[in-house]
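Each number in the working numbering comes from the position in the sequence shown (counting from 1) with 4 added on.
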Amino acid sequence: MAYYEKWEKIYKEYSVGVLPWELGKPRPVLVNLIEGQKIIPEGKALDLCCGLGTNTIYLSKAGFQTTAIDISETAVKHSKERSLEADANIHFITCNSVYLPFKDEVFNFVFDMGCFHHILPNDRQRFVLGIRRVLKERGHYFMVCFSDKNGTAWNHFSKESIVAIFSPYFGISDIHHFSSVEGDGYIRSFYATLLVNE
Ligand SMILES: C[S@@+](CC[C@H](N)C(=O)[O-])C[C@H]1O[C@@H](n2cnc3c(N)ncnc32)[C@H](O)[C@@H]1O
Numbered sequence: 005m006a007y008y009e010k011w012e013k014i015y016k017e018y019s020v021g022v023l024p025w026e027l028g029k030p031r032p033v034l035v036n037l038i039e040g041q042k043i044i045p046e047g048k049a050l051d052l053c054c055g056l057g058t059n060t061i062y063l064s065k066a067g068f069q070t071t072a073i074d075i076s077e078t079a080v081k082h083s084k085e086r087s088l089e090a091d092a093n094i095h096f097i098t099c100n101s102v103y104l105p106f107k108d109e110v111f112n113f114v115f116d117m118g119c120f121h122h123i124l125p126n127d128r129q130r131f132v133l134g135i136r137r138v139l140k141e142r143g144h145y146f147m148v149c150f151s152d153k154n155g156t157a158w159n160h161f162s163k164e165s166i167v168a169i170f171s172p173y174f175g176i177s178d179i180h181h182f183s184s185v186e187g188d189g190y191i192r193s194f195y196a197t198l199l200v201n202e
């Protein structure tokens, strides 16, 4: 657990205005999936690591019955406050996404912007199995993680490594690479992967 405790420290130390991943608007890659491609039916959505809640609020406003979790209590507190300001009805829980506290087959859609790539390799299988367990049959899991085009690191993934980790458990509907100017002005590279619980 100690590895994951760093997140609470980060949210306590840094002001919400300087978090590098916070764009101040919903992630375009999510908006494009929901509004552009229109392949995700409405229903129950889970945001696996809500951060300040910007994407979570978007999902709620887009018509999903939304639950959001984050391992940082402070992040969840900020998200709750922001959801109240936005008049969005969201169920928030502080917990570790490796140990999902939900019944089987609850969600139609699981959204993960930047959670999977922070999961320790030893926890990955439990994490992936947990998501499959809480997804309904034919439910979708949209996972955005760091790509190896950022350079080599334990949590930067190639297309092949994503396929190797997820294909035993999910159908892979799409994997595409993109780069984004992040909240801190740096350009970072990601893979967006759409997985289906078949
Ligand atoms: C890069 S931030 C992304 C936040 C948000 N998804 C966004 O796009 O703005 C990663 C988030 O994952 C959360 N996190 C990291 N490990 C986690 C875990 N094991 N379970 C739940 N949340 C986790 C962190 O607290 C942080 O809010």
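Virtual Cβ for every residue (Gly too), placed ideally from N, Cα, C.
Exercise for the section: Compute the Euclidean distance between the alpha carbons of residue 78 and residue 49, then round it to the nearest angstrom. Expected result: In the sequence shown, the residue the question calls residue 78 occupies position 74. In the sequence shown, the residue the question calls residue 49 occupies position 45. If you take the alpha carbons of residue 78 and residue 49, they lie about 22 angstroms apart.
Exercise for the section: Using only the heavy atoms of ligand 1, determine whether one of them is closer than 8 angstroms to the beta carbon of residue 177. Expected result: In the sequence shown, residue 177 corresponds to position 173, counting from 1. Answer for residue 177: no, Cβ out of range of ligand 1.
Problem - Proximal residues to residue 134 (C-beta, below 8 angstroms), its chain only, five neighbours per side dropped - result: Taking the sequence shown and counting its residues from 1, one reaches residue 134 at position 130. Excluding five sequence positions before and after residue 134, the CB atoms of its chain that fall closer than 8 angstroms to its own CB belong to 101, 102, 103, 104, given in chain order.
Practice task
Note down the Cα distance separating residue 94 from residue 121, rounded to an integer number of angstroms.
Solution key: Walking along the sequence shown from the start, residue 94 turns up at place 90. Walking along the sequence shown from the start, residue 121 turns up at place 117. Annotation: residue 94 to residue 121 spans about 25 angstroms, alpha carbon to alpha carbon.
Problem - Sequence-distant residues of the same chain with beta carbon closer than 8 angstroms to residue 178, five excluded per side - result: Your numbering for residue 178 matches position 174 in the sequence shown. Within the same chain, and ignoring the five residues on either side of residue 178 in sequence, the residues whose Cβ sits closer than 8 angstroms to its Cβ are 196, 197, 198.
Practice task
Would you list the one or two residues that DSSP bridges to residue 198?
Solution key: Position 194 of the sequence shown holds residue 198. DSSP lists 146, 178 as partners of residue 198.
Practice task
Report yes if the CB atom of residue 136 is closer than 9 angstroms to the CB atom of residue 201, and no otherwise.
Solution key: Taking the first residue of the sequence shown as 1, we reach residue 136 at position 132. Taking the first residue of the sequence shown as 1, we reach residue 201 at position 197. Yes, they are a contact pair.
Practice task
Kindly indicate the opening and closing residues of the beta strand (DSSP E) around residue 49.
Solution key: Residue 49 sits at position 45 when you count from the first residue of the sequence shown. First-last of the beta strand (DSSP E) with residue 49: 48-51.
Handout entry: Supposed close pair residue 153, residue 181 - CB separation, criterion 8 angstroms
Key = Position 149 of the sequence shown, counting from 1, holds the residue named residue 153. Position 177 of the sequence shown, counting from 1, holds the residue named residue 181. With a Cβ gap of about 7 angstroms, residue 153 and residue 181 count as contacting.
Problem - Coarse secondary structure for residue 35, derived from DSSP in three states - result: Walking along the sequence shown from the start, residue 35 turns up at place 31. Helix at residue 35.
Exercise for the section: Could you check the C-alpha separation between residue 88 and residue 117 for me, to the nearest Å? Expected result: As a working note, residue 88 is residue 84 in the sequence shown. As a working note, residue 117 is residue 113 in the sequence shown. The alpha-carbon atoms of residue 88 and residue 117 are separated by roughly 22 angstroms.
Handout entry: Alpha-carbon to alpha-carbon, residue 98 and residue 15
Key = As a first step, residue 15 is located in the sequence shown; it is residue number 11 there, counting from the start. As a first step, residue 98 is located in the sequence shown; it is residue number 94 there, counting from the start. Going from the Cα of residue 15 to the Cα of residue 98 covers about 13 angstroms.
Problem - residue 20 versus residue 149 - alpha carbon distance - result: In the sequence shown, counting from the first residue as 1, residue 20 sits at position 16. In the sequence shown, counting from the first residue as 1, residue 149 sits at position 145. The alpha-carbon atoms of residue 20 and residue 149 are separated by roughly 22 angstroms.
Exercise for the section: With DSSP collapsed to three states, give me the class of residue 95. Expected result: Looking up residue 95 in the sequence shown gives position 91. In this structure, residue 95 counts as strand in the three-state DSSP scheme.
Exercise for the section: At 3 residues or longer, and completely inside the segment 68-139: list those beta strand (DSSP E) runs for me, N to C. Expected result: You should have 69-74, 95-98, 111-117.
Exercise for the section: Confirm the yes/no value for this check: CB of residue 122, any heavy atom of ligand 1, distance under 8 angstroms. Expected result: By one-based count along the sequence shown, residue 122 stands at place 118. Within 8 angstroms of the C-beta of residue 122 there is at least one heavy atom belonging to ligand 1.
Exercise for the section: Given a cut-off of 9 angstroms, decide if residue 52 and residue 115 are closer than it, judged by their beta-carbon atoms. Expected result: Reading the sequence shown from its first residue, position 111 is the one you call residue 115. Reading the sequence shown from its first residue, position 48 is the one you call residue 52. Between residue 115 and residue 52, the C-beta spacing is below 9 angstroms.
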